[in-house]
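Asks:
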Amino acid sequence: SKADIGLIGLGVMGANLALNIAEKGHTIAVNNRSTPKIDAFVEAAQAEGFGERVVPEADLATFVQSVKKPRSIIIMVKAGKPVDDMIEQLLPLLDEGDAILECGNSLFSDTQRHFDYLKPKGIGYLGVGVSGGAEGARHGPSIMVGGSKAQWHDAEPVLTSIAARFKGEPCVAWLGEGGAGHFVKTIHNGIEYGDMQMIAEVYGVMRDGLGMDAAACAEVFKRWNEGPLNSYLIEITGHVLEAMDGESGRPLVEMILDRAGQKGTGVWSAIAAQQLGVPATAIEGAVAARSISSRKQERIAAEALYGKRRGKVDITIDDLEQALLAGKIVSYTQGFSVIASASEEQGWGLELATIAKIWRAGCIIRSRFLDQMASAFAGDAATNLLMVPDFATLMKEASPALRRVVSAGALGELPLICLSSSLAYFDSYRQARGTANLIQGQRDFFGSHGFEIEGRGTDLHGEWPSLIEQAAE
Ligand code: 6PG
Numbered sequence: 002s003k004a005d006i007g008l009i010g011l012g013v014m015g016a017n018l019a020l021n022i023a024e025k026g027h028t029i030a031v032n033n034r035s036t037p038k039i040d041a042f043v044e045a046a047q048a049e050g051f052g053e054r055v056v057p058e059a060d061l062a063t064f065v066q067s068v069k070k071p072r073s074i075i076i077m078v079k080a081g082k083p084v085d086d087m088i089e090q091l092l093p094l095l096d097e098g099d100a101i102l103e104c105g106n107s108l109f110s111d112t113q114r115h116f117d118y119l120k121p122k123g124i125g126y127l128g129v130g131v132s133g134g135a136e137g138a139r140h141g142p143s144i145m146v147g148g149s150k151a152q153w154h155d156a157e158p159v160l161t162s163i164a165a166r167f168k169g170e171p172c173v174a175w176l177g178e179g180g181a182g183h184f185v186k187t188i189h190n191g192i193e194y195g196d197m198q199m200i201a202e203v204y205g206v207m208r209d210g211l212g213m214d215a216a217a218c219a220e221v222f223k224r225w226n227e228g229p230l231n232s233y234l235i236e237i238t239g240h241v242l243e244a245m246d247g248e249s250g251r252p253l254v255e256m257i258l259d260r261a262g263q264k265g266t267g268v269w270s271a272i273a274a275q276q277l278g279v280p281a282t283a284i285e286g287a288v289a290a291r292s293i294s295s296r297k298q299e300r301i302a303a304e305a306l307y308g309k310r311r312g313k314v315d316i317t318i319d320d321l322e323q324a325l326l327a328g329k330i331v332s333y334t335q336g337f338s339v340i341a342s343a344s345e346e347q348g349w350g351l352e353l354a355t356i357a358k359i360w361r362a363g364c365i366i367r368s369r370f371l372d373q374m375a376s377a378f379a380g381d382a383a384t385n386l387l388m389v390p391d392f393a394t395l396m397k398e399a400s401p402a403l404r405r406v407v408s409a410g411a412l413g414e415l416p417l418i419c420l421s422s423s424l425a426y427f428d429s430y431r432q433a434r435g436t437a438n439l440i441q442g443q444r445d446f447f448g449s450h451g452f453e454i455e456g457r458g459t460d461l462h463g464e465w466p467s468l469i470e471q472a473a474e
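Residue numbers for the sequence shown follow full-length UniProt numbering, beginning at 2 and rising by one.
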């Protein structure tokens, strides 16, 4: 008998997904470019007791033949060219109605391109965002599916069985056509960047502004994990802060170089936001902070030039907690606005409540907060979270603390890129009369771009030359 599903690419994520699938009772054919990885996988599957559900096939054509039709073939290779190449290799081996499920962190426009390319050939293409890291892949990730809806139904039983569960509800959904799944995964990562950066900024206030050691910071995060900030990222932050380095006998976090890596999804989120004309200052700030972090040598030179910051700041732990909550509300507001806007532009019909729901478990940003968001979006048509009544109440309570923390940070020379840009967004968003009237005046002055005066017209101009002449006289 043939396998229920196939998977190509037995790296850490691929192997863990395959083990998860086999564990849930499905037979899975596996393939990998290098055969030793296949052997190692078979051994691992046997050790876990479900070896008999694994069909190892080193030859790609035989591998495809070993999957039952209509075929669902997961590819878990590096995003970019390896995905393009794999599609070309598979194409002549597939039959009409079969589907490729690409489960890496691909750029959504690449996914859209593959979807459009395969559609007229009768081959389904699903761009699937999988979140939760290696552990998630093995024991229950959050799964954001986009692409061919008909073929989603073929793969649905398998994907549903392996997904994380929130109070029994599987964290998986088909979200929309084409690149929708990978787009949503990208914004998930953008939000992840914002969460991580704001946590790091608050840690900076504790470490540098309040003089707390790593163990004391760890205690705070552990306590916060019991409250409104309860989330996977707050939880692991506590663990990261309490870990000790065996060699130096010091907290491990103090030994780790302060230079953050990034693989692209944060930047893609920021670019998408800018292209859509949606402000996403928290995500942009988080990406910028990672870029600054990577310029270690420049920072060393700049500190020598401008001097090292010193001294304590006057801020309470409770204020830091509330500030983080307010910053998080803004960051999620922005992320969901980007999603809503992309959905409208692409005609994806994305449901914000569904997205919040499948992020409640399994993924990196899973949290209590997302459960509140899922309920809020379900009962409200607003796409800006700040306008949803429950969150407006939270924001009214928490924003004064954000303001105090950002002020203390600014005066205390503590960099709070993400928190301060969240506050600036909030203050701009809630200002009925802003200052773009001046921008319009300037644009008209130097480029005759025109401005609007209500009741008088939309393409008006100032008499700038005569005004200048008058001033000169
Ligand atoms: C997840 C993570 C995962 C991965 C990212 C992180 O949802 O499981 O987001 O996709 O950790 O690649 O990206 P950076 O390497 O850019 O931080």
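Glycine residues also receive a C-beta, built at the ideal position from the N, C-alpha and C atoms.
(1) Where do the ends of the beta strand (DSSP E) carrying V221 lie?
(2) Please go through the same chain and pick out, in chain order, the residues whose beta-carbon is closer than 7 Å to the beta-carbon of G10, but skip the five residues on each side of it.
(3) Return helix, strand or coil for P142, following the three-state DSSP convention.
(4) When the Cα atoms are used, what is the spatial distance from K397 to L306?
(5) Using the rule of at least 16 other Cβ atoms within 10 Å of the residue's Cβ for burial, across every protein chain shown, is I366 buried or exposed?
(6) Taking 8 Å as the threshold, find out whether the stretch 174-184 comes into contact with the stretch 341-351 through three or more Cβ pairs.
(7) For the ligand 6PG, is there a heavy atom less than 7 Å away from the beta-carbon of T266?
(8) Identify every residue that forms a DSSP beta bridge with A174.
(9) Kindly indicate which three-state DSSP category F64 falls into: helix, strand or coil?
(10) Counting beta carbon pairs with one atom in the stretch 143-160 and one in the stretch 123-131, are three or more of them shorter than 8 Å?
(11) What residue from D117, I200, Q263, Q443 has the CA that sits closest to G239's CA?
(12) Can you find the residues in the same chain that come closer than 7 Å, C-beta to C-beta, to E236, ignoring five residues on each side of it along the sequence?
(13) DSSP state of V339, grouped into three classes?
(14) Using only CA atoms, which one of E299, D391, G267, K309 lies nearest to L108?
(15) Would you list the one or two residues that DSSP bridges to I101?
(16) By how many angstroms is the C-alpha of I88 removed from the C-alpha of G15?
(17) Per DSSP, L8 is paired with what?
(18) With hydrogens ignored, establish whether the beta-carbon of S132 is closer than 7 Å to any heavy atom of the ligand 6PG.
(19) When you compare the CB positions of A303 and Q198, do they come within less than 8 Å of one another, or not?
(20) Name, in chain order, the residues that DSSP records as bridge partners for M245.
(21) By Cβ distance, which residues of its chain are closer than 8 Å to I245, with the 5 residues on each side in sequence left out?
(22) To which residues of the same chain is K264 closer than 8 Å at the C-beta, ignoring the five residues directly before and after it?
(23) Just to confirm, is the Cβ distance from C172 to G363 under 8 Å?
(24) May I have the straight-line CA-CA distance separating N17 from I163, to the nearest angstrom?
(25) Helix or strand or just coil, what does DSSP make of I454?
(26) Return the bridge partner residues of S270 from the DSSP annotation.
(27) Along the chain, where does the alpha helix (DSSP H) containing P57 start, and where does it finish?
(28) What is the DSSP secondary structure of T112, counted as helix, strand or coil?
(29) Output yes or no for whether 8 Å exceeds the beta carbon distance between F116 and G137.
(30) With a threshold of 7 Å, establish whether the CB of N33 neighbours any heavy atom of the ligand 6PG.
(31) From what residue to what residue does the alpha helix (DSSP H) around Q441 run?
(32) Is it true that the stretch 386-403 meets the stretch 182-192, where meeting means three or more beta-carbon pairs spaced less than 8 Å apart?
(33) Taking the Cβ atom as the reference point for each residue, do F452 and V331 lie within a distance shorter than 8 Å?
(34) For the ligand 6PG, any of its heavy atoms closer than 7 Å to the Cβ of R462?
Replies: Straight from the coordinates:
(1) Not the beta strand (DSSP E): V221 falls in the alpha helix (DSSP H), residues 215-225.
(2) Counting only Cβ-Cβ distances below 7 Å, and skipping sequence neighbours, we find N33, I76, M77, V78.
(3) coil
(4) 40 Å
(5) buried
(6) Below 8 Å, enough C-beta pairs join the stretch 174-184 and the stretch 341-351 to call them touching: three or more.
(7) yes
(8) M145
(9) helix
(10) yes
(11) In terms of Cα proximity to G239, the closest of D117, I200, Q263, Q443 is I200.
(12) N226
(13) Note: V339 maps to helix in three-state DSSP.
(14) G267
(15) I74, Y126
(16) 17 Å
(17) V31, I75
(18) yes
(19) Taking 8 Å as the Cβ cut-off, A303 and Q198 do not qualify as a contacting pair.
(20) P252
(21) According to the sequence displayed, residue 245 carries Met and not Ile. Counting only Cβ-Cβ distances below 8 Å, and skipping sequence neighbours, we find R251, P252, L253.
(22) N106
(23) yes
(24) 11 Å
(25) strand
(26) According to DSSP, S270 bridges with nothing at all.
(27) Segment 55-57 is the beta strand (DSSP E) holding P57; no alpha helix (DSSP H) there.
(28) helix
(29) no
(30) no
(31) 437-448
(32) no
(33) Contact: no.
(34) For the record, residue 462 in the displayed sequence is His; it is not Arg. Distance from the C-beta of H462 to the nearest heavy atom of the ligand 6PG is not below 7 Å.
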